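**Q** So the mapping is simple: the numbering used here equals the position in the sequence shown, first residue as 1, plus 21.
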Amino acid sequence: MNAVDRPLRARWLGRVTYADAFALQRGLFERTDNHLLLLEHPHVFTLGSSADMAHLLVDPAEVGADLVKANRGGDITYHGPGQLVGYPIVNVPGKRGGGMADTVAYVTSVEQLILDVLVDLGLTNVGRVEKQAGVWVDPNSDNPRKIAAIGVRLSRGRSMHGFALNVDPDLTWFDRIVPCGIADKGVTSLAAEGIDVDMRTVVDRVVQHSGKQWGTSLDRQDVVWRERVEDLTPFSRGEGPGVAAGTPDSPLVDPPDSSHLEGTSVRISGRLAEAGVTSGLQISSRKPDWMRVKADMGPEYRRLKSVMRSLDLVTVCEEAGCPNIFDCWNDGTATFMICGERCTRKCGFCLVDTRHPEALDPGEPAKVAEAVEKMELDYAVVTMVARDDLADGGAQHVADTIHAIRDRQPAARVEVLISDCKGDPESLDVINHARPDVLNHNIETVPRLQRVARPSASYARSLAVLARA
């Protein structure tokens, strides 16, 4: 079943929460491009439209799992580490070339994809079981075992959800449910069937076959495969604040050889090497003229700086060391930075302070609004530091700032550049419901370089933030 003439955009996203993946799916579903999202989930039980709660045998919270209702068919299933989850969001042809999408044909095509992958990997005794969706090992024996579950949703000729292929998960998790509501048949994995293969190899095979099935060409991008806990900020590791980045006490890890990146920190050099960056401009090299910025502290620059200091405000222009500050400020444009001047992340490219954050200033929204009025702005841009120490990630403070600007300068349009607010949907809704004229969230770079530029962030989560807007 070939999707309508479009390339397939295959993305390996690493480990992604179910909520983030679902938000991203919904955003892509509303578009027309063909996508294949490949990922692992943290432990989660999902309930399809025909799920029977009697098939959930434990309290999810007691075993450290989430419980989510999914808008797909089927009963209850489990997703977790070691299981490859694939979400094809593709255009599905209608029956006999037009009209309503052929659900049976589509499910069969997904099953066939998995069957072809398994045979490639050396597991040949696989097939289907009559009236049971999914892919099975020894399907015609007295002991058929499900190795891949299928659960999809088709609407308006587009697909959502997809498949879950057990590579090497902890199979005891399936003992905590009646998988897919099937009590008399077991569950297995590639590892349990004696196939020793890593996740990356399985993903390679899936992408190879998917490109033939769901696209006229293939566009693949992966986030980096190896991640180190040491790369994350203490907040991202759940340890609270730590020492500032770059201090003598900040932990370092031994990276691969990175002597070609002279002048770059040991940690960032290691991340670059793992991402395949083997050359670049040495930090000691003279920059080309088009990258060199002349310091121009003209009258408008000085006036704007005076306004900021009189109101005790900070700008991302200053805190992040933006080289364009002279051009922007002399044009009367600045980006306010709220929620303090200390960030709980430590992105590799950013100069913002990463020491322990201070308490929010409740008067800051009013000060920003006053500055907007004094500068006679008809367009205000507000950004924020990440505040993982706050329950809502600083979302209410952003919303308060939007409201304060509109109260003081009703004609001004407001653009906000927000953090991911830890991916919490309720926190993000607080900002979205304040209805900024423009909502931005920076992804910063391509998937392969995410762990270099943003080690404490998630590419998939950032896409989900934008999808929720």
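Yeah, the Cβ is synthetic: ideal placement off N, Cα and C, and Gly gets one too. Quantities reported herein were computed from a predicted structural model and do not represent experimental measurements.
1) Am I right that phenylalanine 347 and tyrosine 322 are in contact with their C-beta atoms under 8 Å? What's the rounded C-beta distance?
2) In whole angstroms, give me the CA-to-CA distance for valine 199 and histidine 76.
3) Within 10 Å of its beta-carbon, does histidine 454 have 16 or more other beta-carbons around it, so buried, or fewer, so exposed?
4) Give me whichever residues DSSP pairs with glutamine 153 in a beta bridge.
5) Measuring alpha carbon to alpha carbon, tell me which residue in Thr53, Arg434, Val406, Ala341 is nearest lysine 443.
6) Could you tell me the distance, in whole angstroms, from the CA atom of glutamate 61 to the CA atom of arginine 324?
7) Take the Cβ of valine 419 as the centre, count every other Cβ of all protein chains shown within 10 Å, and call the residue buried at 16 or more, exposed below.
8) Name the DSSP bridge partner or partners of leucine 29?
9) I want to know whether the segment 169-184 touches the segment 130-147 - three or more CB-CB distances under 8 Å.
10) Below 7 Å between beta carbons: does that hold for leucine 438 and threonine 466?
11) Within this structure, are the beta carbons of valine 158 and isoleucine 135 separated by less than 7 Å?
12) For my contact list, leucine 59 and leucine 105 are in at a C-beta cut-off of 8 Å; report their separation, rounded to the angstrom.
13) If you run the structure through DSSP and keep just helix, strand and coil, what is histidine 182?
14) For glutamate 151, tell me which candidate among Ser210, Asn161, Gly143, Leu144 has the shortest Cα-Cα distance.
15) Quick check on the burial criterion: 16 or more other C-beta atoms within 10 angstroms. Buried or exposed for valine 373?
16) Sorted by chain position, which residues of the same chain lie with C-beta nearer than 7 Å to valine 468's C-beta, five sequence neighbours on each side aside?
17) DSSP three-state label for arginine 93, please.
18) Please name the residue in Ser327, Ala490, Asn351 whose C-alpha comes closest to that of alanine 316.
19) Write down every uninterrupted run of the beta strand (DSSP E) in the segment 386-457 whose length is 3 residues or greater and which is fully enclosed by it, in chain order.
20) Ignoring anything shorter than 3 residues or poking outside the segment 61-105, list the beta strand (DSSP E) runs there in chain order.
21) Rounded to a whole number of angstroms, what is the C-alpha to C-alpha distance between glycine 95 and glycine 183?
22) Count the other CB atoms, across all protein chains shown, that sit within 10 Å of the CB of proline 344; report buried if there are 16 or more and exposed otherwise.
23) Take every Cβ of the segment 448-462, pair it with every Cβ of the segment 212-223, and state whether three or more of those distances are shorter than 8 Å.
24) For isoleucine 346, report the span of its alpha helix (DSSP H) as first-last.
25) Taking 8 Å as the cut-off, does the segment 62-69 touch the segment 80-91 (at least 3 CB pairs, one atom from each stretch)?
26) At the level of alpha carbons, what is the spacing between glycine 143 and glycine 207?
27) Who does lysine 167 pair with in a DSSP beta bridge?
28) Leaving aside the five residues before and after valine 111 along the sequence, list all residues of the same chain whose C-beta is less than 6 Å from its C-beta, in chain order.
29) Taking 7 Å as the limit between beta carbons, can you name the residues of its chain near alanine 44, skipping five residues before and five after?
30) Examine chain C for any beta-carbon lying closer than 7 Å to the beta-carbon of threonine 422, and answer yes or no.
31) Use the C-beta contact count for glutamate 379: other C-beta atoms within 10 angstroms, 16 or more gives buried, fewer gives exposed.
32) Would you identify the three-state DSSP class for arginine 313, choosing helix, strand or coil?
33) Pick helix, strand or coil for leucine 139, following the three-state DSSP scheme.
34) Who are the Cβ neighbours of leucine 88 in its own chain at under 6 Å, not counting the five residues just before and after it?
35) Going by Cα to Cα distance, which pick from Leu398, Gly369, Val228, Asn187 is closest to aspartate 217?
36) Less than 7 Å between the C-beta atoms of isoleucine 426 and alanine 390, yes or no?
**A** Taking the structure as given:
1) 6 Å
2) 5 Å
3) exposed
4) Val150
5) Val406
6) 52 Å
7) buried
8) Asn55, Leu239
9) yes
10) no
11) no
12) 7 Å
13) strand
14) Asn161
15) buried
16) Before going further, note that residue 468 is proline rather than valine in the sequence given. Here the set comprises Arg32, Gln242, Asp243, Val244, Tyr480.
17) coil
18) Asn351
19) 400-405, 434-438
20) 65-68, 87-90, 97-100
21) 12 Å
22) exposed
23) no
24) 346-351
25) yes
26) 21 Å
27) Trp157, Val208
28) Ala24, Asn55, Ser180, Trp235
29) Ala485, Ala488, Arg489
30) Given the protein chain composition of this structure (a single chain), no chain C is represented.
31) exposed
32) coil
33) helix
34) Phe66, Pro81
35) Asn187
36) yes
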